[in-house]
Ligand code: NAD
């Protein structure tokens with residue numbers, strides 16, 4: 262009964278959060294995507310790098326409710342290659358300057374921003390001002406202020422803004438959230454989560470602070486932070502952190518390895534780690550009153566595996582997480598529903614990561630409001 266009450270409370274909290282992020286949804290004008298609820302939502306990918314090429318364009322082909330309608334790129338050679346491969350008409354090909362003209366293009370409903378982190382706001386705001394819904398890759402941006410500007414622009418345009426938290430649409434992850442919310446193993450007591458990989462090319466933007474806003478934490482530590490928040494169902498009240506480097510030259514501008522602890526209001530704690538130094542960190546464990554559960558690997562594009570301390574299976578068929586994420590956003594647009602990953606969610610993570618950097622710098626815990 263208490264678990265049910267808790268679940269209901271959480272549902273109300275999430276619903277009201279979502280409603281607060283888009284209170285205009287109920288009276289949404291029909292040109293925003295609902296005129297024909299059976300049509301496929303047109304996506305334009307903005308930034309044609311590794312993620313767009315390797316996963317989003319192929320993911321779009323697997324969606325039910327979306328189609329690759331256009332591209333936004335600063336590289337003419339990429340425009341030509343994508344045009345040929347995906348049959349994209351010239352009128353749906355833009356660069357970062359001409360994208361302001363998206364307002365005149367009804368083929369495109371959503372701009373999916375897939376540029377380096379510190380460039381998300383620039384394109385997201387242009388897209389919102391052109392009347393387009395925006396899906397921004399994670400991390401949403403590199404500062405709370407820029408996240409807020411993105412939220413404000415989408416609200417002013419009365420368009421949806423979501424952040425690309427693909428694993429929120431991954432079935433093992435969804436099941437772990439259910440196990441936590443319904444207290445199947447009793448109340449959650451503590452969480453351990455870590456994600457990292459050995460980063461290659463020392464010249465890439467992920468190692469340049471101006472473009473990335475930070476290193477391992479911003480890039481993949483954010484997944485561990487998300488886990489702590491969606492499993493606890495609470496917002497942290499305090500963070501502590503320590504950063505370390507084994508290669509101070511390569512990681513001159515950004516964090517190589519970061520360990521951080523989160524304290525939640527009801528006493529739950531999360532111990533998290535992230536690194537750019539080496540592979541291997543890719544799991545989480547939730548310790549609850551009467552047992553434990555978790556995932557490992559937890560955060561890959563595929564191959565996620567679950568475990569429960571009672572020996573019951575935690576196994577689901579593999580899904581394309583990007584296709585599921587984009588289909589969910591399309592459904593939100595078609596049916597006037599709030600997204601479960603709104604801009605406010607992205608801003609919260611950036612706010613907490615900013616506090617983690619401050620805690621690592623000062624060596625002192627940082628309280629969060
Ligand atoms: P990438 O380096 O492969 O591609 C970045 C793209 O941005 C390139 O096409 C590049 O030409 C373009 N770009 C525009 N202006 C640029 C500039 N000034 N400097 C450098 N590049 C510029 O990066 P990626 O791996 O595709 O990552 C893009 C975004 O997607 C990042 O925010 C990243 O965090 C996110 N991402 C998310 C996932 C996920 O699993 N959700 C996975 C990978 C990347």
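Residue numbers (my numbering): 262 to 630.
Every residue gets a Cβ at the ideal spot worked out from N, C-alpha and C, and that includes glycine.
These numbers come from a predicted model, not from an experiment.
Whole-angstrom C-beta distance between residue j and residue i, which should lie under 8 Å
{"i": "residue 239", "j": "residue 588", "result": "Residue 239 is absent from the structure shown; the chain starts at 262 and stops at 630."}
{"i": "residue 502", "j": "residue 479", "result": "Residue 502 to residue 479, Cβ: 13 Å. No contact."}
{"i": "residue 452", "j": "residue 545", "result": "7 Å"}
{"i": "residue 371", "j": "residue 302", "result": "6 Å"}
{"i": "residue 471", "j": "residue 379", "result": "6 Å"}
{"i": "residue 375", "j": "residue 306", "result": "6 Å"}
{"i": "residue 620", "j": "residue 500", "result": "5 Å"}
{"i": "residue 449", "j": "residue 515", "result": "That pair is no contact at about 31 Å."}
{"i": "residue 382", "j": "residue 358", "result": "Wrong, their Cβ atoms sit about 16 Å apart, outside the cutoff."}
{"i": "residue 318", "j": "residue 430", "result": "About 18 Å; that fails the 8 Å criterion."}
{"i": "residue 477", "j": "residue 457", "result": "6 Å"}
{"i": "residue 455", "j": "residue 485", "result": "6 Å"}
{"i": "residue 552", "j": "residue 412", "result": "That pair is no contact at about 39 Å."}
Alpha helix (DSSP H) segment containing residue i, residue limits
{"i": "residue 590", "result": "582-595"}
{"i": "residue 639", "result": "The displayed coordinates of the chain run from 262 to 630. Any statement about residue 639 would go beyond what the structure contains."}
{"i": "residue 472", "result": "470-473"}
{"i": "residue 386", "result": "381-390"}
Identity of the residues DSSP links to residue i by a beta bridge
{"i": "residue 574", "result": "Per DSSP, none; premise fails for residue 574."}
{"i": "residue 453", "result": "532, 546"}
{"i": "residue 502", "result": "521"}
{"i": "residue 603", "result": "423"}
{"i": "residue 395", "result": "372, 422"}
{"i": "residue 569", "result": "554"}
{"i": "residue 459", "result": "DSSP output for residue 459 lists no bridge partner at all."}
{"i": "residue 447", "result": "445"}
{"i": "residue 510", "result": "According to DSSP, which records beta bridges pairwise, residue 510 is partnered with nothing at all."}
{"i": "residue 515", "result": "In the DSSP output, where bridge partners are listed per residue, residue 515 has none listed."}
{"i": "residue 627", "result": "500"}
Outcome for residue i when other beta-carbon atoms lying within 10 angstroms are tallied against a minimum of 16
{"i": "residue 393", "result": "buried"}
{"i": "residue 337", "result": "exposed"}
{"i": "residue 348", "result": "exposed"}
{"i": "residue 263", "result": "With a pLDDT of 40 at residue 263, under the threshold of 50, the modelled position of that residue is not reliable, and no figure is offered here."}
{"i": "residue 367", "result": "exposed"}
{"i": "residue 507", "result": "exposed"}
{"i": "residue 558", "result": "exposed"}
{"i": "residue 417", "result": "exposed"}
{"i": "residue 270", "result": "For residue 270, the predicted model reports a pLDDT of 47, less than 50, meaning its position is unreliable; a value from the coordinates is still stated below. Exposed, because fewer than 16 other Cβ atoms sit within 10 Å of the Cβ of residue 270."}
{"i": "residue 534", "result": "buried"}
{"i": "residue 415", "result": "buried"}
{"i": "residue 294", "result": "Interpretation of residue 294 is limited by its pLDDT of 46, a score under 50 that renders its predicted location unreliable; the figure taken from the coordinates is listed afterwards. Answer is buried; the Cβ neighbour count reaches 16."}
{"i": "residue 266", "result": "Its pLDDT being 42, under 50, residue 266 is placed unreliably by the model, and the measurement read from it follows with that caveat. Exposed, since its Cβ has fewer than 16 Cβ neighbours within 10 Å."}
{"i": "residue 352", "result": "exposed"}
{"i": "residue 617", "result": "buried"}
{"i": "residue 582", "result": "buried"}
{"i": "residue 439", "result": "exposed"}
{"i": "residue 579", "result": "exposed"}
{"i": "residue 291", "result": "No answer about residue 291 holds up, because its pLDDT of 46 lies below 50 and its placement is not dependable."}
{"i": "residue 463", "result": "exposed"}
{"i": "residue 510", "result": "exposed"}
{"i": "residue 504", "result": "buried"}
{"i": "residue 623", "result": "exposed"}
{"i": "residue 325", "result": "exposed"}
{"i": "residue 630", "result": "exposed"}
{"i": "residue 614", "result": "buried"}
{"i": "residue 406", "result": "exposed"}
{"i": "residue 387", "result": "buried"}
{"i": "residue 576", "result": "exposed"}
{"i": "residue 423", "result": "buried"}
{"i": "residue 395", "result": "buried"}
{"i": "residue 596", "result": "exposed"}
Bounding residues of the beta strand (DSSP E) (the contiguous stretch that carries residue i)
{"i": "residue 484", "result": "Element bounds for residue 484: not the beta strand (DSSP E) but the alpha helix (DSSP H), 483-493."}
{"i": "residue 371", "result": "371-374"}
Chain B contact for residue i (CB, 8 Å cutoff)
{"i": "residue 336", "result": "Absent here is chain B; the protein component of the structure consists of one chain."}
Near the ligand MN: residue i beta-carbon under 7 Å from a heavy atom
{"i": "residue 567", "result": "The ligand MN is not part of the structure shown, which contains the ligand NAD as its ligands."}
For this session: Please go through the stretch 289-361 and give each complete beta strand (DSSP E) segment of 3 or more residues, from N-terminal end onward.
Result: Secondary structure remark: continuous beta strand (DSSP E) runs of at least 3 residues inside the stretch 289-361, in chain order: 302-307, 327-333.
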